[in-house]
DNA sequence: ATTAACTATGTAATCGATTACACGAAAGTA
DNA sequence: TACTTTCGTGTAATCGATTACATAGTTAAT
């Protein structure tokens, strides 16, 4: 019923050895053309399928790569994975998915599981902001398995990364708010021990500086990436002595929450208050009051990460290859920051 | 530098055989306690990692399962995958992702690639509506690899499935429109050779029947799941002699397009026209004019599919196990169909 | 005619772990 | 004492494919 056909079965049937069969299947030039044809036909007729596990064991390459993300059901990460899969598919690599749920322990487990599974490379967005998992990272590198960080990166020798210029993202978003005439701009940030949030914040700060706006510590709120967090932020900000007239949020979800709360209070957007987000989540475009947001080109980021992996895989150079790719963020200007109609 | 430690290395160091090491590591009761401890300590100190490929080859089980979806960057599929991953993680299975991009040829390739990779099971949402790939499906089953369809299913002997009751989904969405006083309800359907779309359509039709509304062929439009398609549909429907006053769309994206086009024409929603969608995409909730939609509980669907897989894997019964799980759809009533404020 | 050079294929080791079977030593039994 | 168990470990086959090396049969070269 479910007999597995091996090259030995083919060999037996043709009265030759498995070695010859293997060579014929691999198009080895030393094999006589007639034998080759015979083997190929027999293999097809017996419905032979190469056992990749045996091949993997022999060659030491599994043709699998691991991808670790905080969660998969976010448009950003799903799109990155899509990019990775599409780029690697033609090269015969399969993509194994792991989720950390923002838990460093899970990240650690995932790393070791992937090493155990003999993946040929690991592409990931880091969750651990402490140095807990550095040992695991080094373990990967030591096994000569390419390790590539995307989006959320971390400085580790020998690790390549594909990120966007978060500083610039923060800068252009803030600049757009300034261009609209906003004078006091607040910022919803994420966990600033993560470089991406730190850099977006720095870009925001620089934009203020470059345009003669004094930076106000009170205007910076560190929060989660959720609708609820956005609402709370507005509640806090509007109770300040001098409330702001705009927000640049590191999260589209928080931006949405802010907008919902502002509407609740009958504050007009963008006339009285402008809001810009980050990530360009699908809903920012769909809203009736569409939300200005910084696009991170996740698909491109995935493809680029995959390309970096392809460049590095198989290279036995003991010299550490380290490539840092930085993609340009793109501001999608929408109604939430468009006071003037062209 | 990157020396791979095997049980032979441990054996050599301790002057015993690899068999003993293997047994010690596997907690075989025949091994003396002192030896076991010694082996475990040595293994740890040498940083030994079991080679899963060797294990997989020997046991015939890879501990990988394959998941095939049309695309991963859709909230629905990403959520299903999340559910699958979370349910299977504690059991030591890794999830390999494949995308078909709605292309039957890709589906076919993916199936064979996964078989080649010796996955222990395949969970998928079918793309192929013809019978092109039936041979591939049978190939999977013949290898005694559990095959489970989720969401988009197909009748094949021996294949279990986890779906929602699409008929009921279509029914309750339509019923809600009727309850709001809508008299002539249109339906945007998908490719009806796919059972899910057929069933949603049938549910829609039945709801009309049960409520004394005559079914009108002209009101049913088959289209893609896109914003553009929704706009086009409205353009066609509003040119009919008797235009409808509501739409039940099999796609949230098409529902959104419809809403955008209706607004363009200054038609009030929900007062003059009601719209209900399907899938409960995140944006339906976020819109200012939130959209009523049928939830398919994708996370639960993923988990359930994984559980069905776990029940079936390893069972050598030649009797075909076939389990059909049908989840209940849940209507999320929102502003786009709420004429009365409680 | 004799040796060199190919050609096509076979032999056997290898990747790393598991496991049926074998076996010597220790312990228990009559 | 002689015989049976039990215990702990070693031997070697196995999973399926690849490949360095060996070899028999041809052909070419001197």
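Residue numbers (the working numbering), protein chains in the order written: chain P, 3 to 344; chain C, 3 to 344. Quick reminder that beta carbons are idealized off the backbone N, C-alpha and C, glycines included.
Just how far apart, CA to CA, sit residue 16 (chain C) and residue 32 (chain C)?
Taking the second chain and counting its residues from 1, the one referred to as residue 16 (chain C) is at position 14. Taking the second chain and counting its residues from 1, the one referred to as residue 32 (chain C) is at position 30. Those two C-alpha atoms are separated by around 18 Å.
Against residue 64 (chain C), what residues of chain P qualify as contacts under a CB-to-CB distance less than 7 Å, listed in chain order?
If you number the second chain from 1, residue 64 (chain C) lands on position 62. Under the 7 Å cutoff, chain P gives 55.
Specify the secondary structure class of residue 279 (chain P) as computed by DSSP and reduced to three states.
Residue mapping note: residue 279 (chain P) aligns to position 277 of the first chain, counting from 1. Reduced to three states, the DSSP call for residue 279 (chain P) is strand.
What are the residues in the segment 26 to 52 of chain C lying within 7 Å of chain P by C-beta distance?
Contacts with chain P (Cβ-Cβ distance below 7 Å) from the segment 26 to 52 of chain C involve 51, 52, listed in chain order.
Inter-residue spacing [alpha-carbon to alpha-carbon] between residue 180 (chain P) and residue 174 (chain P)
Position 178 of the first chain, counted from the start, is the residue given in the question as residue 180 (chain P). Position 172 of the first chain, counted from the start, is the residue given in the question as residue 174 (chain P). Cα-Cα distance, rounded: 10 Å.
Considering only C-alpha positions, which residue in the set C:323, C:30, C:140, C:176 is nearest to residue 249 (chain C)?
Taking the first residue of the second chain as position 1, residue 249 (chain C) is located at position 247. It is C:176 whose Cα lies nearest to the Cα of residue 249 (chain C).
Please list, in chain order, the chain P residues whose beta carbon lies closer than 7 Å to that of residue 80 (chain C).
As a working mapping, residue 80 (chain C) is identified with position 78 in the second chain. Within 7 Å Cβ-Cβ: 74, 75, 80.
Stretch-stretch touch, CB-based, cutoff 8 Å, three pairs: the segment 180 to 196 of chain C with the segment 237 to 257 of chain C
At 8 Å Cβ cutoff, the stretches touch.
Measure the beta-carbon distance from residue 271 (chain P) to residue 258 (chain P) and round it to whole angstroms, keeping in mind my assumption that it falls under 8 Å.
In the first chain, counting from the first residue as 1, residue 271 (chain P) sits at position 269. In the first chain, counting from the first residue as 1, residue 258 (chain P) sits at position 256. About 12 Å separates the CB atoms of residue 271 (chain P) and residue 258 (chain P); that is not less than 8 Å, and the two are not in contact.
Residue 3 (chain C) in three-state terms, based on DSSP:
By 1-based counting over the second chain, the position of residue 3 (chain C) is 1. Bear in mind that the predicted position of residue 3 (chain C) carries a pLDDT of just 44, short of 50, making it unreliable; the figure below should be weighed with that in mind. The DSSP-derived three-state label of residue 3 (chain C) is coil.
Determine the chain P residues that contact residue 87 (chain C) at a beta-carbon separation under 8 Å, and present them in chain order.
Here residue 87 (chain C) refers to the residue found at position 85 of the second chain. 74, 99, 100, 101, listed in chain order.
Chain P beta carbons: is any one of them nearer than 7 Å to that of residue 290 (chain C)?
Start at 1 with the first residue of the second chain, and residue 290 (chain C) comes out as number 288. Interface residue, yes.
How far does the alpha helix (DSSP H) with residue 235 (chain P) in it extend, from its first residue to its last?
The residue given as residue 235 (chain P) occupies position 233 in the first chain. Residues 229 to 239.
Would residue 323 (chain C) pass as an interface residue toward chain P - the criterion being a Cβ-Cβ separation below 7 Å?
Locating residue 323 (chain C) in the second chain gives position 321, where the first residue counts as 1. With 7 Å as the cut-off, residue 323 (chain C) does not count as an interface residue toward chain P.
Amino acids of chain C, ordered along the chain, whose beta-carbon sits closer than 8 Å to that of residue 136 (chain P):
As a position in the first chain, residue 136 (chain P) is number 134, starting the count at 1. Listed along chain C is no residue with a C-beta nearer than 8 Å to that of residue 136 (chain P); the closest approach is about 16 Å.
Measuring CB atoms only, is the segment 203 to 217 of chain P touching the segment 230 to 246 of chain P, in the sense that at least three cross pairs come out at less than 8 Å?
With a cut-off of 8 Å, the segment 230 to 246 of chain P and the segment 203 to 217 of chain P do not count as touching, because too few Cβ pairs lie within range.
Does the segment 302 to 320 of chain C come close enough to the segment 70 to 77 of chain P to have 3 or more Cβ pairs within less than 8 Å?
Segments in contact, no.
Spatial distance of residue 141 (chain C) from residue 99 (chain P) (CA atoms)
Here residue 141 (chain C) corresponds to residue number 139 of the second chain, with the count starting at 1. Here residue 99 (chain P) corresponds to residue number 97 of the first chain, with the count starting at 1. If you take the alpha carbons of residue 141 (chain C) and residue 99 (chain P), they lie about 25 Å apart.
Given a cut-off of 7 Å, decide if residue 199 (chain C) and residue 155 (chain C) are closer than it, judged by their beta-carbon atoms.
For this step, residue 155 (chain C) is matched to residue 153 along the second chain. For this step, residue 199 (chain C) is matched to residue 197 along the second chain. No; because the gap between Cβ atoms is not below 7 Å, this pair is not in contact.
Please work out which residues of its chain come closer than 6 Å, Cβ to Cβ, to residue 294 (chain P), disregarding the five sequence neighbours upstream and downstream, and give them in chain order.
Position 292 of the first chain, counting from 1, holds the residue named residue 294 (chain P). 278, 335, 336, 338, 339, listed in sequence order.
Count the other CB atoms within 10 Å of the CB of residue 273 (chain P); is the residue buried (16 or more) or exposed (fewer)?
For this step, residue 273 (chain P) is matched to residue 271 along the first chain. Residue 273 (chain P) should be labelled exposed.
Name the residues in the segment 272 to 290 of chain P whose C-beta lies less than 7 Å from a C-beta of chain C; which are they?
Hits within the stretch, in order: 284, 285, 288, 289, 290.
Going by alpha carbons, who is nearest to residue 152 (chain P) out of P:209, P:69, P:97, P:103?
Counted from its first residue, the first chain places residue 152 (chain P) at position 150. Measuring from the Cα of residue 152 (chain P), the nearest candidate turns out to be P:69.
Contact residues within the segment 117 to 129 of chain P, judged by C-beta distance below 8 Å to chain C:
Of all residues in the segment 117 to 129 of chain P, only 117, 118, 119, 120 place a beta-carbon less than 8 Å from a beta-carbon of chain C.
Closest Cβ-Cβ distance between residue 84 (chain P) and chain C: below 7 Å?
Translated into the one-based positions of the first chain, residue 84 (chain P) becomes position 82. Flagged as an interface residue toward chain C: residue 84 (chain P), by a C-beta distance shorter than 7 Å.
Do you know offhand how far residue 211 (chain P)'s Cα is from residue 171 (chain P)'s?
Numbered from its first residue, the first chain carries residue 211 (chain P) at position 209. Numbered from its first residue, the first chain carries residue 171 (chain P) at position 169. Cα to Cα, residue 211 (chain P) sits roughly 16 Å from residue 171 (chain P).
Using a Cβ cut-off of 7 Å (strictly closer), state whether residue 113 (chain C) contacts chain P.
Locating residue 113 (chain C) in the second chain gives position 111, counting from the first residue. So no, residue 113 (chain C) is outside the interface.
Starting from residue 250 (chain C), trace the beta strand (DSSP E) in both directions and tell me its first and last residue.
As a first step, residue 250 (chain C) is located in the second chain; it is residue number 248 there, counting from the start. Residue 250 (chain C) -> beta strand (DSSP E) spans 248 to 251.
By the criterion of Cβ-Cβ separation under 7 Å, what are the contact partners of residue 194 (chain C) in chain P?
Here residue 194 (chain C) refers to the residue found at position 192 when the second chain is read from its first residue. Per Cβ cutoff of 7 Å: no residues; residue 194 (chain C) is ~26 Å from chain P at best.
Contact between the segment 102 to 110 of chain C and the segment 123 to 134 of chain C: three or more CB pairs below 8 Å?
These segments touch.
Is there a Cβ of chain C sitting closer than 7 Å to that of residue 298 (chain P), yes or no?
In the first chain, the residue the question calls residue 298 (chain P) occupies position 296. Chain C contact via Cβ: absent.
Distance, residue 266 (chain P) Cα to residue 349 (chain C) Cα:
Residue 349 (chain C) lies beyond the stretch modelled for chain C, which goes from 3 to 344, so this question has no answer here.
Just to confirm, are residue 119 (chain P) and residue 54 (chain C) a CB contact at a threshold of 7 Å?
Here residue 119 (chain P) is taken as the residue at index 117 of the first chain, counted from 1. Here residue 54 (chain C) is taken as the residue at index 52 of the second chain, counted from 1. Against a cut-off of 7 Å, the Cβ pair of residue 54 (chain C) and residue 119 (chain P) comes out as a contact.
What are the residues in the segment 246 to 274 of chain C lying within 7 Å of chain P by C-beta distance?
For the segment 246 to 274 of chain C, which is checked against every Cβ of chain P, the residues closer than 7 Å are 258.
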